[in-house]
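Residue numbering for the sequence shown follows the numbering used here, beginning at 905 and increasing consecutively.
Glycine is no exception: its CB is placed at the ideal position from the N, C-alpha and C atoms.
Here is the structure we will look at.
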Amino acid sequence: MPAPDGPPPAGTVIEVRDEEWMVRNSRQVRPGEFLIEAVGASDLVRGQEARFLAPTMDRPRVLRPENTRLIPDGSPHFRRSRLFLEAVLRKTPLPQRERRLALTDGFLLDRMDYQLRPAEKALANPLRPRLLIGDVVGLGKTLEIGVLLGELIRRGRGERILVVTPAPVLEQFQHEMWTRFSLPLVRLDSAGIARIERKIPAGRNPFTYYKRVIISMDTLKNPRRYRPWLEHIHWDAVVIDESHNLINQGSDRRALADLLAERTDALILASATPHNGEMPAFTGLIRLLDPMAVEDPSRPRAEELEHLMLRRTKVSAEVAEQLKDHWAPRGGSHPVRCRANALEEEVFRELAEHWLKQRERQAQAEDRLFPYVLLKSFLSSHRALFATVRQRLTRTGHVLPERHRVTDEPPAGVAPSTPEAASLLRLLELARAIERAGAGDGVPAAASKLAGLVDELRRIGVKAGSPTRAVVFSERRETLDWLGEVLPPLLGWQAEDDARAAVKVMYSGAGISDRVQMEYVDEFARAGSDVRLLLTGDGASEGVNLHRQCHHLIHWDLPWSLIRVEQRNGRIDRYGQTRPPQFRAMILESAVEGALDDTDIAEKVLAREERVHAVLGAVEAATKDNDGDKEEKRVMEALFRGEAPQPAVDGLQTVSADSLDALDSLDDGFTADLPLAQRLNAEFGTGTDPYDDESDFDFGFDFDDTPDTPDAPEPGPGAPAGSTAGHGHGHGHAPVRVVEELRLFTDRRDYVLAGLEELADLEAFRLDTTVQGTDLSFDTPEDLADRLDVLPAGYLRDHGITRRMKLTFSREDAADSLRRAREDADSVSLWPDAHYVGELHPVLEWITDKVLVQLGRQQALVVQVDRARVPEPVFLTQGVWSNRDGRPTVVAWLAVDRLDRAGAEPRVRELTRPLLAELGLGPAMPDHFAEGDPAALQQYVEAAVAATRREMDRRRQEAEEHIDRPLREYETRVGQWLEQKLPGFTGGHTARERAAENLEKAAARLRTAGDPMVRVLAVLEPSA
């Protein structure tokens, strides 16, 4: 209970409710009663916040390590001691200052150092790990996010995680996190939300019930339903995938992002197109990561951005070198020309004569670009044309029958009120005529592109009885639905059930739920499924992996946008693609004079994307507008002004065709010559060493009294590598640095097996454990099944996970299990039957927690070791300085001996792997030593604790120099920033004050607080 003269001071370790807590703050609320605010210090409650009212409701006991009681370890080979020590090592977070990576070999990944760089860069920020991962499509941003989340968890900074993705990617992302990183996320899609609402108490906030959640942006952005819950939740880490969708200020998505950015420590944004061409919009994203980063949002400096963004392309040196055996080289982009038939030529003629040649008539109209919208709808399909025309007629006051369809009879009594309306009615009937022409005997010739598509699909082998697959993209839903109707019988799937199984139509929005979209993506990735053709819209060009069983992509219609073509191609041209991806585009060709057909714009866009991608690795590095809608509008505006098609397409780029040829001939380093906006979309943020000058981190904002010269030139290609945020892809990279953590077992397998043996001896359950080489299976205990309940119910049910665990410690076997889930003909799911035990696996956590509760509080085990190695007792102790969040700022693992030498201080050594070996503490310990007398060692406990405390006092200066002083200086800089006049800060001074307050609080929470926690872990006793 509290001391008689008042509550326990900050930093005191207390025992309450059978757990250890570090006091943050305490105060008297009334005479004889105290409110204690604390954070969990023992392994099972570490980092959890709590408040105790003493002595009314709780009676805290101040814990003194000097009172540790020593007990002998009689387990075989001192298994219990080794398990306990390993469990404490695993459960103790890495200290705040540790930037090296700890889990590089703990995941089911082919090690690619470039995929580890984002974690390196984010962890270099000592305040809040925040980063925009802008790698181009296909490099593995999901894997990079998983690595970073794993490292945050290892540091105690990833207990509460929220992942926000597009709806079609939910299961794919959840699957990757589990199968690759052993990280279970609860998926809150439409079905998941319904299941959880049935499970949790009414009115309970699901975000407090589950600590690691994945949810779609479209679901979460609903302000009425979710904002009240989110406003009262603080996250350790938030991930927002496809974050370019947050750029529009005032949108529901951006409002959600603003809220989440305030309510999380770590923030990870991911987008292959982070810069949309408007610098203020881009710097708005950067300010989500760090409100202080950018002084002028319209003219940011590279050095203001480099600590917050990392972008590589397929031609970046480190990427290209490491991917050469893991990503097949890109195949060609081939136009497939289809000559328009007579009916289609009539449409072209109508468009040319009444819309494309009459630009002056629409010159002042708000919708002056509508002729090109009309043209593009026809280039997609007659059904899309019909829908566009119908909508236009309705908008201009012409009454059509409700839900008038292309298959209906022509409407009676609709009189055109203008020449435009008369043309629209003619187009309506031409679309109807094309529909009727194709409705008879099933011959596709009524639509030339359809005939060409069928021939092309048959040529590459997509047909009934063939395993070949292809994905077909279209911009219009009407086109996709039509293709879904007419293609199956033309390709040999005559039965309705066969057609439904073989051909899937997928697009976002009304009509196809997020659940169905995820099912289609899953089916398309499995070799054993029946699907052969996926017809999809551009919603699937964001984040969805379609490359597992497919290397053929066909653009049924082409966006007039380099960005969108590249995004589409990236669905099959990505990390893990084993065959050269092939791209084709259906090109409708007309002989009508003045008609704009696909050869005029679409074919040129196709060729230009291929060329820019080959030279720069990403079209964004050469585009003026890194936004598909803006690119489309730019082309239409150019055509409206009378420009020829080729200059209109050239106008999408900042780099001419001749310049591309010149750049292609250069060796390296040319990206430094590009303007900042283009460098942000080429290679950026790779030019600094995250381990350089560890004692001082550049937070990115310049507080000099003298303003920068507005037109100061940026460093050129001859500048040092560290002088600019990005560099050419010829520069070298610092090696990835890793932490070699202390371990008492050979590997994870030995630890798990020893843990299961120990638990079988101590607890009254039998798990029917079976071990075959690197494979392990056992009956799933109820408390372990509870930890897995967040995974998809179908996966748990189909593989019997909650009844029996099937695990493997072999990367090769785990990869084979994943392959079988994809490739086997009888596989019904992408989820594997055997699971890889990575460093974050719930089984490891479960065993660790079970081991820790076996040893009584304030007890330490005594281990006998060879007297020849250890002639006198050695106390193994732990010392931890923590911040206000209860996370370690300094951790010391110590060996203390020479405790009985009069007049001399004990020897204190850092516990390292070589020292562990020297002491004989490890996997192959003998167990034939005679048990000693723990009581004889008890007299040294107090001296060992005192020596540890002195060592921790010495290390407090280390925390002051490397952690606390920089954080106090940062708080001062926040105050200076608040006084600066900054243009374009969204929300004005009130928002800046709130941001400053959040930053100051974050810095204060990270400073070392209170007294160190000291523990006696074990005692090594010389053998008798």
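Starting from residue i and walking both ways along the alpha helix (DSSP H), at which residues does that stretch end?
i: residue 1103; result: 1094-1103
i: residue 1327; result: 1323-1341
i: residue 1045; result: 1045-1058
i: residue 1409; result: Where residue 1409 is concerned, there is no enclosing alpha helix (DSSP H), although the beta strand (DSSP E) it sits in stretches over 1407-1410.
i: residue 1111; result: 1110-1113
Is the distance from the Cβ of residue i to the Cβ of residue j below 8 Å?
i: residue 1796; j: residue 1782; result: yes
i: residue 1118; j: residue 1164; result: no
i: residue 1005; j: residue 1922; result: no
i: residue 1774; j: residue 1680; result: no
i: residue 1177; j: residue 1148; result: yes
i: residue 1418; j: residue 1120; result: yes
i: residue 1496; j: residue 1252; result: yes
i: residue 1800; j: residue 1766; result: no
i: residue 1295; j: residue 1017; result: no
i: residue 1067; j: residue 1478; result: no
i: residue 1407; j: residue 1476; result: no
i: residue 1422; j: residue 1075; result: yes
i: residue 1212; j: residue 1061; result: no
i: residue 1803; j: residue 1813; result: no
i: residue 1462; j: residue 1502; result: yes
i: residue 1831; j: residue 980; result: yes
Using C-beta distances below 6 Å, list every residue in its chain close to residue i, excluding the 5 sequence neighbours before and after it, in chain order.
i: residue 1928; result: 1834, 1836
i: residue 1614; result: Bear in mind that the predicted position of residue 1614 carries a pLDDT of just 38, short of 50, making it unreliable; the figure below should be weighed with that in mind. Here the set comprises nothing.
i: residue 1718; result: 1012, 1712, 1740
i: residue 1903; result: 1878
i: residue 1612; result: Residue confidence for residue 1612 is low, a pLDDT of 41 falling below 50, so the modelled location carries little weight; the figure read from the coordinates is stated next. Within the same chain, residue 1612 has no close Cβ partners at all.
i: residue 952; result: 944
i: residue 1875; result: 1904, 1907
i: residue 1703; result: 1737
i: residue 1095; result: 1419
Could you please give the first and the last residue of the uninterrupted beta strand (DSSP E) stretch that includes residue i?
i: residue 1768; result: 1763-1769
i: residue 941; result: 937-944
i: residue 1923; result: 1912-1926
i: residue 1068; result: 1065-1069
i: residue 1376; result: 1374-1377
i: residue 1557; result: Where residue 1557 is concerned, there is no enclosing beta strand (DSSP E), given that its DSSP letter is neither H nor E.
i: residue 1731; result: Element bounds for residue 1731: n/a, residue is neither H nor E.
i: residue 1676; result: 1674-1676
Excluding the 5 residues flanking residue i on each side, which residues of the same chain have their C-beta closer than 8 Å to its C-beta?
i: residue 1373; result: 1366, 1428, 1435, 1436, 1437, 1438, 1453, 1454, 1456
i: residue 912; result: 906, 918, 927, 930, 940, 964, 966
i: residue 1228; result: none
i: residue 1869; result: none
i: residue 1707; result: 1683, 1684
Considering only DSSP beta bridges, list what residue i is partnered with.
i: residue 1125; result: Its beta-bridge partners do not exist; DSSP assigns none.
i: residue 1810; result: Answer by DSSP bridge pairing: none, since residue 1810 is not bridged.
i: residue 1932; result: Here the chain has residues from 905 to 1928 only, and residue 1932 is not among them.
i: residue 1779; result: 1800, 1923
i: residue 1739; result: 1711
i: residue 1088; result: Answer is none; residue 1088 lacks a bridge partner.
i: residue 919; result: 924, 965
i: residue 1787; result: 1912
i: residue 932; result: 938
Kindly list the residues whose CB is nearer than 7 Å to the CB of residue i, restricted to its own chain and excluding five residues on each side of it in sequence; keep chain order.
i: residue 1826; result: 1648, 1820
i: residue 1409; result: 1384, 1385, 1388, 1439
i: residue 1920; result: 969, 972, 1764, 1779, 1781, 1845, 1848, 1849
i: residue 1633; result: Residue confidence is low: residue 1633 scores 38 on pLDDT, short of 50, so the model does not pin down where it sits. Its coordinate-derived value is still stated next. Cβ neighbours of residue 1633 beyond the five flanking positions: 1219, 1220, 1221, 1572, 1587.
i: residue 1081; result: 1050, 1087, 1089
Taking only runs that begin and end inside the segment 1220-1281, name each unbroken alpha helix (DSSP H) of 4 or more residues, in chain order. Within the segment 1220-1281, the complete alpha helix (DSSP H) segments at least 4 residues long are 1221-1227, 1246-1255, listed from N- to C-terminus.
Unbroken stretches of the alpha helix (DSSP H), 4 residues or longer, contained in the segment 1449-1475: For the segment 1449-1475, the full-length alpha helix (DSSP H) segments reaching 4 residues or more read 1466-1473 along the chain.
Fully enclosed by the segment 1144-1185, which beta strand (DSSP E) runs are 3 residues long or longer? Runs of the beta strand (DSSP E) spanning 3 or more residues and lying entirely within the segment 1144-1185 occur at 1168-1174, in chain order.
Only counting runs of 3 or more residues, tell me where the beta strand (DSSP E) segments fall wholly within the segment 1357-1396, in order along the chain. The segment 1357-1396 contains these whole beta strand (DSSP E) runs: 1374-1377.
What are the start and end residues of each continuous beta strand (DSSP E) run of 3 or more residues lying completely inside the segment 1479-1546, in chain order? 1486-1493, all fully within the segment 1479-1546.
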